[in-house]
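Colleague: One structure is given below, represented as C-alpha cells, and several questions about it will come after.
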Amino acid sequence: MLQNMMRASMLDRSFYNVVERDSKYSGQAAMVVAVTSIAGAIGAALRPGNQPVISAALFAVAGGIVGWLAFSLITTIVGTALDGDTNLGEMARVLGFAQAPMILSIVPVIGAIIGSALTLLASVVGIREANDFSTGKAIMTGLIGWGVFVLVRGFLPFIV
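The C-terminal position of the sequence shown is numbered 1294 in my numbering, with every residue numbered one higher than the one before it.
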C-alpha cells in the first residue's frame, strides 16, 4: 500500500489508470482515506488546546470516509454530465488514492496545507484519468467535488 501511495502522490497517470480499472484496489483506497485521516487527527491533536488523539481520530476517520464518498459521488455526477466515462467505483478508487499526500497532515498546520494542495493536484489527475477527458474538465469537476468534500469533512464533527 505504501508504494501505491507514493505512486499516487507522484501523480503517476499509469497508476491511476490501473486503479480506475481494477476493483481489487477499492479496499486499499479506503485504507488510504482512513490512514491519512488518522494522520490528520494526530497532527491536529498535537496543536495546543485540541481534543485527545483517540476522539480526534474517530471523528477524522468518519469525516474522511463520508467526505471521500461525497467527493466521489459528486465528481462522478459532474464528470458524467461533462461527458466523462466513469462510475462511482472507479471514481472512489482514484480519489481515495489521491488523498495519499494528506499523510503529511501529521505535521501540524504546514503539513495539512501542503498535503491539501498536493491532494487537490492528485485529485485532478485521478479525475482526468477516470473520466478520460481534458485537464480543464477535470479541474472544473475537481473544484466542484472538492468544495463538497471540504464542507462535509469540515461540518461532520458538528453534526455527529
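Virtual Cβ for every residue (Gly too), placed ideally from N, Cα, C.
Can you tell me whether L1285 is helix, strand or coil according to DSSP?
Modeller: Working through the sequence shown from its first residue, we reach residue 1285 at position 151. Note: L1285 maps to helix in three-state DSSP.
Colleague: In this structure, how does DSSP classify L1216 when only helix, strand and coil are distinguished?
Modeller: By one-based count along the sequence shown, residue 1216 stands at place 82. It is coil, neither helix nor strand.
Colleague: Threshold first: 3 residues or longer. Then list the beta strand (DSSP E) segments lying entirely within the segment 1239-1268, N to C.
Modeller: Here no run is fully enclosed.
Colleague: What is the rounded straight-line gap between the Cα of W1280 and the Cα of L1207?
Modeller: Position 146 of the sequence shown, counted from the start, is the residue given in the question as residue 1280. Position 73 of the sequence shown, counted from the start, is the residue given in the question as residue 1207. Approximately 11 angstroms between the Cα atoms of the pair.
Colleague: For a quick check, are the C-beta atoms of P1235 and A1178 less than 9 angstroms apart?
Modeller: As a working note, residue 1235 is residue 101 in the sequence shown. As a working note, residue 1178 is residue 44 in the sequence shown. It is not a contact, given that the beta carbons lie outside the stated cut-off.
Colleague: Return yes when at least one heavy atom of the ligand FMN lies under 8 angstroms from the C-beta of M1274, else no.
Modeller: In terms of ligand content, the structure shown is empty, and the ligand FMN therefore cannot be addressed.
Colleague: List the endpoints of the continuous alpha helix (DSSP H) containing M1139.
Modeller: Numbered from its first residue, the sequence shown carries residue 1139 at position 5. It spans L1136 to S1143 - the alpha helix (DSSP H) in which M1139 sits, taken as one unbroken run.
Colleague: Rounded to a whole number of angstroms, what is the C-alpha to C-alpha distance between A1163 and A1215?
Modeller: Position 29 of the sequence shown, counted from the start, is the residue given in the question as residue 1163. Position 81 of the sequence shown, counted from the start, is the residue given in the question as residue 1215. Approximately 24 angstroms, taken between the alpha carbons.
Colleague: Taking the beta carbon of N1265 as the centre, do at least 16 other beta carbons fall within 10 Å, making it buried, or is it exposed?
Modeller: In the sequence shown, residue 1265 corresponds to position 131, counting from 1. Buried: at least 16 other Cβ atoms inside 10 Å.
Colleague: Can I1278 and T1209 be called in contact, C-beta distance under 9 angstroms?
Modeller: On the sequence shown, residue 1278 is found 144 positions in, with the first residue counted as 1. On the sequence shown, residue 1209 is found 75 positions in, with the first residue counted as 1. Yes. Within cutoff.
Colleague: Thinking C-alpha only, which one of L1136, Q1137, M1135 and A1142 is nearest L1229?
Modeller: For the purposes of this step, residue 1229 is taken as the residue at position 95 of the sequence shown. Per the Cα distances, A1142.
Colleague: Pull up the distance between the alpha-carbon of R1147 and that of M1135, whole angstroms please.
Modeller: Residue mapping note: residue 1147 aligns to position 13 of the sequence shown, counting from 1. Residue mapping note: residue 1135 aligns to position 1 of the sequence shown, counting from 1. Their Cα atoms are separated by approximately 17 angstroms.
Colleague: Identify which residue in F1149, R1227 and L1145 has its Cα closest to the Cα of A1251.
Modeller: Sequence index remark: in the sequence shown, residue 1251 carries index 117 (1-based). For the residues F1149, R1227 and L1145, the minimum Cα distance to A1251 belongs to L1145.
Colleague: Please determine, among W1202, S1268, D1219 and M1225, the residue with the shortest C-alpha to C-alpha distance to T1170.
Modeller: For the purposes of this step, residue 1170 is taken as the residue at position 36 of the sequence shown. It is W1202 whose Cα lies nearest to the Cα of T1170.
Colleague: Exposed or buried, which one is I1172 when buried takes at least 16 other CB atoms within 10 Å?
Modeller: Translated into the one-based positions of the sequence shown, residue 1172 becomes position 38. Result: buried.
Colleague: Considering Cα atoms alone, identify which of I1237, F1283, R1262 and L1285 is closest to M1139.
Modeller: Here residue 1139 refers to the residue found at position 5 of the sequence shown. M1139 has its Cα closest to that of I1237, out of I1237, F1283, R1262 and L1285.
Colleague: Could you please give the first and the last residue of the uninterrupted alpha helix (DSSP H) stretch that includes L1229?
Modeller: Locating residue 1229 in the sequence shown gives position 95, where the first residue counts as 1. Unbroken alpha helix (DSSP H) run through L1229: L1222 to A1232.
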